[in-house]
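Colleague: Handing you this structure, nothing more for now.
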Amino acid sequence: MSGAIRILMAGLAGAILGLISWSVSGPDLPRGGSDAVPVRIDSNGFHTDLVMDRAPLIARGGPLAELVAGLGPGEAVRIGWGDARFYVDQSPVTARLPDGVRALFAPGNPSVVMLSPVDRLTPVRDPERQVKLTLSPDAFEALAARIEASLDLPGGAPRLSATGPDGRTRFYASAETFWIGRMCNRWTAEVLAAAGLTVHPGRTVVAGAVLADARSAVPLDRLGAGD
384 MSGAIRILMA
394 GLAGAILGLI
404 SWSVSGPDLP
414 RGGSDAVPVR
424 IDSNGFHTDL
434 VMDRAPLIAR
444 GGPLAELVAG
454 LGPGEAVRIG
464 WGDARFYVDQ
474 SPVTARLPDG
484 VRALFAPGNP
494 SVVMLSPVDR
504 LTPVRDPERQ
514 VKLTLSPDAF
524 EALAARIEAS
534 LDLPGGAPRL
544 SATGPDGRTR
554 FYASAETFWI
564 GRMCNRWTAE
574 VLAAAGLTVH
584 PGRTVVAGAV
594 LADARSAVPL
604 DRLGAGD
């Protein structure tokens, strides 16, 4: 192996290690406390969602609150983000592989924010795929504001892109774009970082990395760090 190739390989390895170790720390916000708001991160093995009670979202007012209030029955809401076509389509994945390639590698793909009513926020039932956090009111407000910032609000009004097959799930146009460098789990990590968590954006191609960062924050919630 020539010296030039060795240098190139070393540089590539360094770049990969740097990407994997890259961390982003959110603002220094209070954690836990008696008035903490529970938020659960769910994963299906590939994709991550946020689940939270609707009441505190509605109480803060604004476009996101209005959308959440307008959903069907349920005390909680599941919130996610993804490509405007691949994420919305519920047909078998095997039939959508070409569209999946498009979503990953085509530039500037439009995206959507998903809102789906849930009966209630239940305790963690699958520790491998669920993590529950308790956020201070300040941290929850920052998290909600980051979600709201993802909405495309032409003239101040959100735009409905699609309704799920269940008739209850709604997808609203997002101002952000989807591609392999910024997928659904990266978005979830950014939302958690806004609430004060430390996340590793370079690892978010894997849903488990988002759960791992959330688990690292759980002891801080219990201690009420920053209170």
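This note's numbering puts the first residue of the sequence shown at 384, with every later residue one more than the last.
Each residue gets a CB set at the ideal place from its N, CA and C atoms; glycine is no exception.
Quick caveat, the model's predicted, so the values are computed rather than measured.
Count the other CB atoms, across all protein chains shown, that sit within 10 Å of the CB of ILE462; report buried if there are 16 or more and exposed otherwise.
Modeller: Counted from its first residue, the sequence shown places residue 462 at position 79. So ILE462 counts as buried.
Colleague: Determine the contact status of LEU504 and ASP436, defining contact as a CB-CB distance below 8 Å.
Modeller: As a working note, residue 504 is residue 121 in the sequence shown. As a working note, residue 436 is residue 53 in the sequence shown. Yes, the Cβ-Cβ distance between LEU504 and ASP436 is below 8 Å.
Colleague: How many whole angstroms separate the CB atoms of VAL460 and SER557, which I take to be in contact at a CB cut-off of 8 Å?
Modeller: Here the question's residue 460 lines up with position 77 in the sequence shown. Here the question's residue 557 lines up with position 174 in the sequence shown. Not confirmed; about 16 Å, so no contact.
Colleague: Over the uninterrupted beta strand (DSSP E) stretch that includes THR431, give me the two end residues.
Modeller: Taking the sequence shown and counting its residues from 1, one reaches residue 431 at position 48. THR431 -> beta strand (DSSP E) spans 431–436.
Colleague: I need the DSSP call for PRO612, collapsed to helix, strand or coil.
Modeller: This structure cannot speak to residue 612, because the chain is shown only from 384 to 610.
Colleague: Can you tell me the Cα-Cα spacing of GLN473 and THR546, whole angstroms?
Modeller: Mapped onto the sequence shown, residue 473 falls at position 90. Mapped onto the sequence shown, residue 546 falls at position 163. For GLN473 and THR546, the distance between alpha carbons rounds to 11 Å.
Colleague: Evaluate ASP549 with the Cβ neighbour count: other Cβ atoms within 10 Å of its Cβ, from every protein chain shown; 16 or more gives buried, anything less gives exposed.
Modeller: Translated into positions along the sequence shown, residue 549 becomes position 166. Answer is exposed; the Cβ neighbour count stays below 16.
Colleague: Relative to the alpha-carbon of ALA438, which residue among GLY453, GLY428, THR431 has its alpha-carbon at the smallest distance?
Modeller: The sequence position of residue 438 within the sequence shown is 55, counting from 1. Considering only GLY453, GLY428, THR431, the residue with the shortest C-alpha distance to ALA438 is GLY453.
Colleague: Please tell me whether ARG512 and VAL574 are closer than 8 Å, where the distance is taken between their beta carbons.
Modeller: For the purposes of this step, residue 512 is taken as the residue at position 129 of the sequence shown. For the purposes of this step, residue 574 is taken as the residue at position 191 of the sequence shown. In this structure, VAL574 does not lie closer than 8 Å to ARG512 by Cβ.
Colleague: So, helix, strand or coil for GLY539, using DSSP?
Modeller: As a working note, residue 539 is residue 156 in the sequence shown. If DSSP states are grouped into helix, strand and coil, GLY539 belongs with the helices.
Colleague: Whole angstroms is fine: what's the gap from TRP570's alpha carbon to SER544's?
Modeller: For the purposes of this step, residue 570 is taken as residue 187 along the sequence shown, with counting starting at 1. For the purposes of this step, residue 544 is taken as residue 161 along the sequence shown, with counting starting at 1. For TRP570 and SER544, the distance between alpha carbons rounds to 19 Å.
Colleague: Considering only the beta carbon of each residue, do GLU524 and ARG443 sit closer than 8 Å?
Modeller: Sequence index remark: in the sequence shown, residue 524 carries index 141 (1-based). Sequence index remark: in the sequence shown, residue 443 carries index 60 (1-based). A contact, by the Cβ cut-off of 8 Å.
Colleague: Along the chain, where does the alpha helix (DSSP H) containing ILE530 start, and where does it finish?
Modeller: Here residue 530 is taken as the residue at index 147 of the sequence shown, counted from 1. Taken as a continuous stretch (DSSP letters only), the alpha helix (DSSP H) holding ILE530 covers 520–532.
Colleague: If you run the structure through DSSP and keep just helix, strand and coil, what is GLY591?
Modeller: Looking up residue 591 in the sequence shown gives position 208. GLY591: helix per DSSP, three-state reduction.
Colleague: Could you give the first and the last residue of the continuous beta strand (DSSP E) run that contains TRP570?
Modeller: Along the sequence shown, read from residue 1 onward, the residue named residue 570 stands at position 187. Annotation: TRP570 is outside any beta strand (DSSP E); the continuous alpha helix (DSSP H) that includes it extends over 567–577.
Colleague: What residue from ALA478, VAL588, CYS567, ARG598 has the CA that sits closest to TRP464's CA?
Modeller: Within the sequence shown, residue 464 is the residue found at index 81, counting from 1. Of the candidates ALA478, VAL588, CYS567, ARG598, the one whose C-alpha sits nearest the C-alpha of TRP464 is CYS567.
Colleague: Could you tell me if ALA597 is buried or exposed, where buried requires 16 or more neighbouring beta carbons within 10 angstroms of its beta carbon?
Modeller: For the purposes of this step, residue 597 is taken as residue 214 along the sequence shown, with counting starting at 1. Label assigned to ALA597: buried.
Colleague: Under three-state DSSP, which class holds ARG551?
Modeller: Position 168 of the sequence shown, counted from the first residue, corresponds to residue 551. Note: ARG551 maps to coil in three-state DSSP.
Colleague: ASP482 lies in the beta strand (DSSP E); which residues open and close that run?
Modeller: To locate residue 482, count along the sequence shown from 1; it is residue 99. Not the beta strand (DSSP E): ASP482 falls in the alpha helix (DSSP H), residues 480–488.
Colleague: Pop quiz: VAL593 and ALA572 are said to be a contact at Cβ under 8 Å. What is the actual Cβ separation, rounded to whole angstroms?
Modeller: For the purposes of this step, residue 593 is taken as the residue at position 210 of the sequence shown. For the purposes of this step, residue 572 is taken as the residue at position 189 of the sequence shown. Sure, about 5 Å apart at Cβ, within 8 Å.
Colleague: Compute the Euclidean distance between the alpha carbons of LEU450 and GLY538, then round it to the nearest angstrom.
Modeller: Counted from its first residue, the sequence shown places residue 450 at position 67. Counted from its first residue, the sequence shown places residue 538 at position 155. As the crow flies, the alpha-carbon of LEU450 is around 16 Å from that of GLY538.
Colleague: What's the C-alpha gap between HIS430 and ILE441?
Modeller: Residue mapping note: residue 430 aligns to position 47 of the sequence shown, counting from 1. Residue mapping note: residue 441 aligns to position 58 of the sequence shown, counting from 1. Spanning the two alpha carbons is a distance of roughly 25 Å.
Colleague: Name the DSSP bridge partner or partners of ARG423?
Modeller: The residue you call residue 423 lines up with position 40 of the sequence shown. BP columns for ARG423 point to VAL434, LYS515.
Colleague: Taking 8 Å as the cut-off, decide whether the C-beta atoms of LEU526 and ALA578 are in contact.
Modeller: Along the sequence shown, read from residue 1 onward, the residue named residue 526 stands at position 143. Along the sequence shown, read from residue 1 onward, the residue named residue 578 stands at position 195. The answer is yes: Cβ separation under 8 Å.
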